[in-house]
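Throughout the sequence shown, residue numbering follows UniProt numbering, covering 1 to 267 in sequence. We put the CB at the ideal spot given by N, CA and C, even for glycine. Shown next, in structure tokens, is the structure this report addresses.
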Amino acid sequence: MKKTVLHKIYIFLIFLFLYAPILTLMVLSFNASRTRAKWGGFTLNWYIQLFQNRDIMEALSNTLAIALISSLAATVIGLIACVAMNGMKKGGRAVMMGIANIPMLNAEIVTGISLMLLFLSLGMRFGFGTVLLSHITFNIPYVILSIMPRMKQLDPNVYEAALDLGASRPNAFFRVVFPELLPGILSGFLMAFTMSLDDFIITHFTKGPGVDTLSTKIYTEVKKGIKPEMYALSTLIFATVLILLVLVNRGPAISGRKNKHEKEIVS
Numbered sequence: 001m002k003k004t005v006l007h008k009i010y011i012f013l014i015f016l017f018l019y020a021p022i023l024t025l026m027v028l029s030f031n032a033s034r035t036r037a038k039w040g041g042f043t044l045n046w047y048i049q050l051f052q053n054r055d056i057m058e059a060l061s062n063t064l065a066i067a068l069i070s071s072l073a074a075t076v077i078g079l080i081a082c083v084a085m086n087g088m089k090k091g092g093r094a095v096m097m098g099i100a101n102i103p104m105l106n107a108e109i110v111t112g113i114s115l116m117l118l119f120l121s122l123g124m125r126f127g128f129g130t131v132l133l134s135h136i137t138f139n140i141p142y143v144i145l146s147i148m149p150r151m152k153q154l155d156p157n158v159y160e161a162a163l164d165l166g167a168s169r170p171n172a173f174f175r176v177v178f179p180e181l182l183p184g185i186l187s188g189f190l191m192a193f194t195m196s197l198d199d200f201i202i203t204h205f206t207k208g209p210g211v212d213t214l215s216t217k218i219y220t221e222v223k224k225g226i227k228p229e230m231y232a233l234s235t236l237i238f239a240t241v242l243i244l245l246v247l248v249n250r251g252p253a254i255s256g257r258k259n260k261h262e263k264e265i266v267s
């Protein structure tokens, strides 16, 4: 009993240290006073001013566009890579998976500098395009990591049976294989979207002048002095990322319960 109480206290303290700063920031985003030392009452004024700020709104549109396009492209490329790797022999597949996992294990600052040097050597102009290519590059491994476990669970005989029954290869894939992979594909897409939305380091090294995402805009504004609008913006980013992460983690669980229920009905 005593150990259980101690464990609960430890867990509470861990979560307190992790989320107390974020909760403080969220509370300050509704503080009517500009000073952090005094509570001036509840207000939504900072959120209103946030959405009236043209520079921040432009950074928001860049962030959403890059996140959406890069996650869609990474999902398609990652799906193709998973299908290709699944057709390899066990040894080759293990080697390719190891190579695909390297970018996730690598420090982001190394990836950012490497991509910056690559774009410089190719003579590319830094801007929206270089940021987009960078986000696609570092999102692909996360998509592969989400789809590959579902790919391994597939029964290859089902696909071959569809071919024997007269279905073309594309038709058999989209009617038989794709529905089984869909939960992993959606999880990979949401994970890629979240990672792109939240990225700062790689974006910082690959963006050009006049192109900002929310993370780089916040960094620039904070150097000038912390404004209450930044509290509101940070709160919205945290809430968005939290919702996406919940969806990413809930998707496979819901799919697993659904498959289990269908098997029980069949049996």
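- Using a C-beta cut-off of 8 Å, the region 186–193 makes contact with the region 137–148, since at least three inter-stretch Cβ pairs fall below that distance.
- In terms of Cβ geometry, Leu-44 and Tyr-231 do not form a close pair [threshold 7 Å].
- Our two residues, Phe-128 and His-135, have alpha carbons roughly 11 Å apart in a direct line.
- Put simply, the backbone Cα of Ile-99 is about 12 Å away from that of Met-85.
- The beta carbon of Ile-140 is closer than 6 Å to those of Ala-74, Ile-77 and Gly-78 in its chain, skipping five residues each way along the sequence.
- DSSP, read as helix, strand or coil, puts Phe-42 in strand.
- Contact between the region 107–126 and the region 191–209 is established, with three or more Cβ pairs separated by less than 8 Å.
- Between Pro-228 and Trp-46, the C-beta gap is smaller than 7 Å, which places the two residues in contact.
- By the criterion of a C-beta distance shorter than 6 Å, Phe-42 is surrounded in its chain by Phe-30, once the five residues flanking it on both sides are discounted.
- By the beta-carbon neighbour count (other beta carbons within 10 angstroms, threshold 16), Arg-150 is buried.
- Excluding residues up to 5 positions away in sequence, Leu-197, Thr-213 and Leu-214 lie with their Cβ nearer than 7 Å to the Cβ of Thr-63 in the same chain.
- Annotated as proximal: Leu-244 and Leu-190, with beta-carbon spacing under 7 Å.
- For the set Thr-137, Leu-236, Thr-194 and Pro-209, the Cα lying nearest the Cα of Asn-101 is the one of Thr-137.
- In this structure the region 47–62 touches the region 215–226; the number of beta carbon pairs closer than 8 Å is three or more.
- Between Leu-181 and Ala-172, the C-beta gap is not smaller than 7 Å, which leaves the two residues out of contact.
- Cα atoms of Ile-201 and Tyr-159: separation of roughly 42 Å, rounded to the nearest angstrom.
- The alpha helix (DSSP H) runs lying completely inside the region 135–177 and spanning 4 residues or more are 156–164 and 169–172, given in chain order.
- By the 16-neighbour rule on beta-carbons within 10 angstroms, Ile-9 is exposed.
- Put simply, the backbone Cα of Tyr-19 is about 14 Å away from that of Leu-28.
- Asn-62 sits in a helix when the DSSP states are folded into three classes.
- With respect to the 7 Å criterion, Ile-66 and Val-5 are not classified as neighbours on the basis of their beta carbons.
- With fewer than 16 other Cβ atoms inside 10 Å of its own Cβ, Ala-161 counts as exposed.
- It is roughly 25 Å from the alpha-carbon of Ala-81 to the alpha-carbon of Met-116.
- The distance from the Cβ of Leu-13 to that of Phe-193 is about 32 Å, inconsistent with a contact at the 8 Å cut-off.
- With 16 or more neighbouring CB atoms inside 10 Å of its own CB, Val-211 falls in the buried class.
- Taken atom to atom, the span from the alpha-carbon of Val-95 to that of Asn-106 is near 17 Å.
- Along the length of the region 74–116, whole alpha helix (DSSP H) runs at least 4 residues long occupy 90–105, reported in chain order.
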